[in-house]
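Numbering (my numbering), first residue to last: 6 to 118.
Here the structure is laid out as structure tokens; the discussion comes afterwards.
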Ligand SMILES: [Zn+2]
């Protein structure tokens, strides 16, 4: 079988650059993404497969959207709809990580889940 992510690394990089160039907002929480942040900053940019590869999603452009690192972690292999509801719920409960630009304690990894 091989690893489709690794096999398509070059393509993934190109699509990542294309999505980044568009400056899309996060497809999960709808908030803008600071494209200067780097993982593992919770609000950094990652490419999200709308339909996870695990569930038959493809690595094509129409299945890929910009998302925050943290939102993407919440989504994992769940559906986009589930993730949108879950992220909203966590934010409402104050369980989302704080954006560094907004406040001190930077990142509290242990509080995320
Ligand atoms: Zn987000």
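Note that CB positions come from ideal geometry on N, CA and C, so glycine has one too.
### residue 33 CB to nearest heavy atom of ligand 2 below 7 Å
Ligand 2 is not part of the structure shown, which contains ligand 1 as its ligands.
#### Entry: N- and C-terminal bounds of the beta strand (DSSP E) containing residue 72
Numbered from 1 along the chain shown, position 67 holds the residue referred to as residue 72. DSSP places residue 72 in the uninterrupted beta strand (DSSP E) bounded by 69-73.
### Span separating the alpha-carbon of residue 99 from that of residue 93
The residue you call residue 99 lines up with position 94 of the chain shown. The residue you call residue 93 lines up with position 88 of the chain shown. Using only the alpha carbons, I get a separation of about 10 Å.
### Top-ranked residue by Cα proximity to residue 45, from 25, 90, 101, 73
The residue labelled residue 45 in the question sits at position 40 within the chain shown. When each option's Cα is compared against that of residue 45, the closest is 73.
### Task
Check whether the Cβ atoms of residue 33 and residue 89 sit closer than 8 Å, and answer yes or no.
Taking the chain shown and counting its residues from 1, the one referred to as residue 33 is at position 28. Taking the chain shown and counting its residues from 1, the one referred to as residue 89 is at position 84. Taking 8 Å as the Cβ cut-off, residue 33 and residue 89 qualify as a contacting pair.
### CA nearest to the CA of residue 76, picked from 48, 65, 103, 57
Start at 1 with the first residue of the chain shown, and residue 76 comes out as number 71. Considering only alpha carbons, the answer is 48.
### Task
Under 8 Å Cβ to Cβ from residue 52, same chain only, skipping five residues before and after it: list those, please.
Numbered from 1 along the chain shown, position 47 holds the residue referred to as residue 52. Once the five neighbours on either side are set aside, the close Cβ partners of residue 52 are 17, 20, 21, 24, 69, 70, 71, 72.
### Query
If you draw a straight line from the C-alpha of residue 65 to the C-alpha of residue 41, how long is it?
Here residue 65 is taken as the residue at index 60 of the chain shown, counted from 1. Here residue 41 is taken as the residue at index 36 of the chain shown, counted from 1. Their Cα atoms are separated by approximately 24 Å.
### Query
Does the distance from the CB of residue 62 to the CB of residue 55 come in under 8 Å?
On the chain shown, position 57 is the one that residue 62 refers to. On the chain shown, position 50 is the one that residue 55 refers to. It is a contact, given that the beta carbons lie within the stated cut-off.
### Task
Thinking residue 96 and residue 79 are a contact (beta carbons under 8 Å), I'd like their distance in whole angstroms, please.
The residue you call residue 96 lines up with position 91 of the chain shown. The residue you call residue 79 lines up with position 74 of the chain shown. About 10 Å; that fails the 8 Å criterion.
### Task
Entirely within the stretch 14-86 and at least 3 residues each: give me those beta strand (DSSP E) ranges in chain order.
Correct list: 50-54, 69-73.
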